[in-house]
Each structure stands twice: as structure tokens, then as C-alpha cells.
Amino acid sequence: MKKDNSLFMDLSTNEVNILVNSSRGILEKDTVEVSGIKKGEILDQEKFNQSFDNPQFVQILNSYDFKEVIFGVSPSTICIKKEKCLIFENNHPTTITEKDLSNWTKDEGLKSYSDLFVIHSYPLGFLLEGKDIVSNPLGMHARKFEVNEVKVLIPLDLANKVSRLSEELDLNCPIYVVSNTIASCQNLVSQENKDFGCYFVNVGDNVTELAAIHKGKVRYVNAIPVGNSNFINDVALALDITSKEAQLLVDSYGTITPELIKEKEVSSLTSKSGNEIRVSNKQVGGIMRARADELLHIAKSHFEKDLSQDFIANRIVVGGKGANYKGFESLVKYIFQFFVYGFEYENDESQCTIDSLLAISKNEASVMNALPSSGIKNNFNQLIPRGYSTMVRTTGKLTKEIIKIFNERVSSGGAK
591 MKKDNSLFMD LSTNEVNILV NSSRGILEKD TVEVSGIKKG EILDQEKFNQ
641 SFDNPQFVQI LNSYDFKEVI FGVSPSTICI KKEKCLIFEN NHPTTITEKD
691 LSNWTKDEGL KSYSDLFVIH SYPLGFLLEG KDIVSNPLGM HARKFEVNEV
741 KVLIPLDLAN KVSRLSEELD LNCPIYVVSN TIASCQNLVS QENKDFGCYF
791 VNVGDNVTEL AAIHKGKVRY VNAIPVGNSN FINDVALALD ITSKEAQLLV
841 DSYGTITPEL IKEKEVSSLT SKSGNEIRVS NKQVGGIMRA RADELLHIAK
891 SHFEKDLSQD FIANRIVVGG KGANYKGFES LVKYIFQFFV YGFEYENDES
941 QCTIDSLLAI SKNEASVMNA LPSSGIKNNF NQLIPRGYST MVRTTGKLTK
991 EIIKIFNERV SSGGAK
């Protein structure tokens, strides 16, 4: 029976959203609380892996046979490289075939750069004889055939840690690591804005994702390790109250434009030091305004410093949990002096990222590079017979019988 199920896991926060999809539609949706991760970085591999020893999640793993697993990541360190790569060069004109393009994408997926790992690679345009740029070169003739490509890279350490998690879960299928930024750009930005060109700012829980898009392609990505949680932390620190109390104040009074508040509202609280304090909505808004102003100026600085003068756009798409406060879009417009647009998304916001991962998997233009079975890791899953997968998932450890098979295959040169 052909495998038809895909597993999606969003690793951007300590609440991992999970989705199982097939040609029949969405089969499962769940959330697992995990530890050992902060601001998109896996800090404690053991605690992180153990978090998935969850009865509901284990049941999902045991209920389906997956053709692929796609992990979405939002690290605070992510970058893009633009390169010109030679696909072939001959003495006589040669017809460009699908094999030429597939060989190029396969080669790119195996490359790594020092302490970085390529998770996406896609063309901005193909060059014939070093000058003519085309988007669809199939069937054309050229002596020299090159590609202007974009590579999206994350820390090699993060790729390794996701790989170790996949080993622990015995995910016996191709494993992909996807940038949530790339996925969100494709799913949450209107086609008009993608074609015309725009900046993208997604203020998540812990990380703000930045991107620039033109002619339907993401040309730039970056991240700022500041998100919605910083608004709450700032209020808690400034007023000397608990994070829980700060969350309640932000939920009640959250605004980025305190100067527009007409009616003053006040709450009485007890500080951590035991003092009785009175907090107004304008006071909370003032604290949040300072953080939002700093965040948006940092984002603007990144765009101005990192993007070439060839990138020209007067639109910015803004969203995410930290962008939902009153006045946030007005502050964006004031700082950037651009037309401001929101996300093209109508469902529950907590499912926004996982739905974007699902969308990018259906987009044939999105080149996702699988984690290699060797190179950055030793992949036990390529050597363990598929029939033993349920046993491993139930016990969480390799049995003596499987270790014996593993050792025999390694000594004979690997899986065949």
C-alpha cells in the first residue's frame, strides 16, 4: 500500500503544533507542550526529545505510515545567499532537459556551508550563454547554462538537533526542515503583493521574522529575537509584577498608541515587593509603545542595510500575535512610510504557521531540501527495517534485535 500521509510539526515555540495530512484531507491536529527550546533554538536536546514521549503524540506516530515529515523552524539566526551556479557547459548547443534541472536541485540539497545548512534552494532565473535570463528554460538550447539561485540557510547545529529528534521518534522517511518565514510568505501574503514586491514582518511569540519578496520570490530573510512575549516581560519588569499579572494587563489595556486613549482606566495591583500600585492603561501602552518602536526601527535598519538598492517596494505586510495590538499598523506606517497590509488568513491564528507549512508542501515551486542520510548525521532510520518501526516508537529505544541488524548492515557496508 502506497504511503499517503505527511506529518507536519511546527518547532517555533514550546507549544508544538502537529498536523497529519493526506490526499483525503487533514486527519489529525494536536499540540504538544515541550521544554528545552527557546526563541526557536533547541537548547536541551534530551529534555526536548523527552517532551514528545506523550501518549497522544505516540498514538499518532503509531497510527500512520508517513511518506515525509516536515519540521517548521523559526530560529533567531537565518540567512540567505545568492549565487550563480553552473549547470553545464559544452562546446556545442545542448537541449536543456528536466534531468539537468533535477540534478542541480539534488546537488544543492547536499551542500553545507561551514556551520550552516541549506534548507531551501530555488532559482531567481536561468542564464543562457551568460546573458539571457529566462524563468522556464526547458527545451531551449545553450552551450553554457547557469542559474541565479537563492539558498536559505539555518545553523547546522539546529539541523543536527532536528535530525536527532527524528531519530528518536524513528521517523523512517524523508525529513525536511522548512523555514516558517518562507512558508508564511507564500501562504499569508496576497499574490498581488508578492508579484508587485513587499516587505514582510511577522511578530511571533518569541521571534520577529523579516522577509522581502519580489516577483513571487522571497529575496531576503532575517530574524530578530524579539516577539510578543517581550511586551509582557517589559510590563512585568517595569511595574515589578508577575508575568501572569502583566499578561492580564496587556490583554486588557494592550495598545501601541497610548496618546490616543481618551478615557483613563486604572487597575490596583500588589507588586512583587509587596507595595500597592495603581496602573493605568496609558502607562501600560507607554511601555508597549517603547518596545514596538524599538523593534520596528531595528527591522527597518535590517532592510536598509541588508537589501541592495535594486530592491524597491512601498508595501509592507505585517502580522503575527505581537502585531495585533491597537495602533501597531499605524506605528508601522509612521516609521516605514509604506502602504501597510495585513495577513491573508482567516482561520484560528494559533494554527497559522502549521497551515503555512501545509501550504508550502503543496507548492511545487518551493524547493525543500531533505536532511541527508549521511553527512550531517548518522541516520539509523535508513538502516532499520521498516517493519520494526512500531516497536521502536512504543519502547522509545532500540531493542537488542534491531541493534544486531543495525551492526550487521553497517559491517556489510550499509543498507541495501
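Going by the working numbering, the sequence shown opens with residue 591, and the numbers climb by one from there.
Beta carbons are placed, not taken as given, at the ideal position from N, Cα and C, and that holds for glycine.
Pairing CB atoms from the stretch 663–682 with CB atoms from the stretch 767–778, are three or more of them under 8 Å? yes
In terms of residues, what are the limits of the alpha helix (DSSP H) holding N823? Here residue 823 refers to the residue found at position 233 of the sequence shown. Looking at the DSSP string, the run of the alpha helix (DSSP H) that includes N823 is N818 to L829.
Determine contact between the stretch 720–727 and the stretch 749–763, defined as no fewer than three beta-carbon pairs at a distance below 8 Å. no
Spatial neighbours of S861 in its chain, beta-carbon cut-off 8 Å, leaving aside the 5 residues before and after: For the purposes of this step, residue 861 is taken as residue 271 along the sequence shown, with counting starting at 1. Cβ within range, chain order: L829, D830, I831 and I867.
Under a Cβ-count criterion, where at least 16 other Cβ atoms within 10 Å of its own Cβ denotes burial, should P727 be classed as buried or exposed? Here residue 727 is taken as the residue at index 137 of the sequence shown, counted from 1. Burial call: buried.
Comparing alpha-carbon positions, which option in K854, F716 and A903 lies nearest D785? Sequence index remark: in the sequence shown, residue 785 carries index 195 (1-based). Residue A903 is the option with its Cα nearest to D785.
Helix, strand or coil: how does DSSP classify A903 here? On the sequence shown, position 313 is the one that residue 903 refers to. Here A903 sits in coil by DSSP.
Between which two residues does the alpha helix (DSSP H) containing C675 stretch? The residue labelled residue 675 in the question sits at position 85 within the sequence shown. Unbroken run through C675 is the beta strand (DSSP E), C669 to T685; no alpha helix (DSSP H).
Backbone secondary structure at V797 - three-state DSSP: Residue 797 sits at position 207 when you count from the first residue of the sequence shown. Three-state DSSP puts V797 in coil, outside helix and strand.
Using 10 angstroms around the beta-carbon of N777, count the other beta-carbons present and answer buried if the total reaches 16, otherwise exposed. The sequence position of residue 777 within the sequence shown is 187, counting from 1. Its Cβ being crowded by 16 or more others within 10 Å, N777 is buried.
Tell me which residue opens and which closes the alpha helix (DSSP H) that S951 is part of. Position 361 of the sequence shown holds residue 951. Run containing S951: C942 to K952, per the alpha helix (DSSP H) assignment.
Three-pair Cβ contact test at 8 Å for the stretch 624–641 versus the stretch 732–739: no
Run through DSSP, which three-state label would R809 get? The residue you call residue 809 lines up with position 219 of the sequence shown. Strand at R809.
Three-state secondary structure assigned by DSSP to T980: If you number the sequence shown from 1, residue 980 lands on position 390. Legend: pLDDT at T980 = 31, less than 50; position of this residue unreliable, value from coordinates given subsequently. Note: T980 maps to helix in three-state DSSP.
Please report the distance separating the alpha-carbon of N652 from that of N750. In the sequence shown, the residue the question calls residue 652 occupies position 62. In the sequence shown, the residue the question calls residue 750 occupies position 160. Spanning the two alpha carbons is a distance of roughly 24 Å.
If you run the structure through DSSP and keep just helix, strand and coil, what is V874? One-based indexing of the sequence shown puts residue 874 at position 284. Looking at V874 - three-state DSSP - the assignment turns out to be helix.
Is it true that the stretch 641–657 meets the stretch 674–684, where meeting means three or more beta-carbon pairs spaced less than 8 Å apart? no
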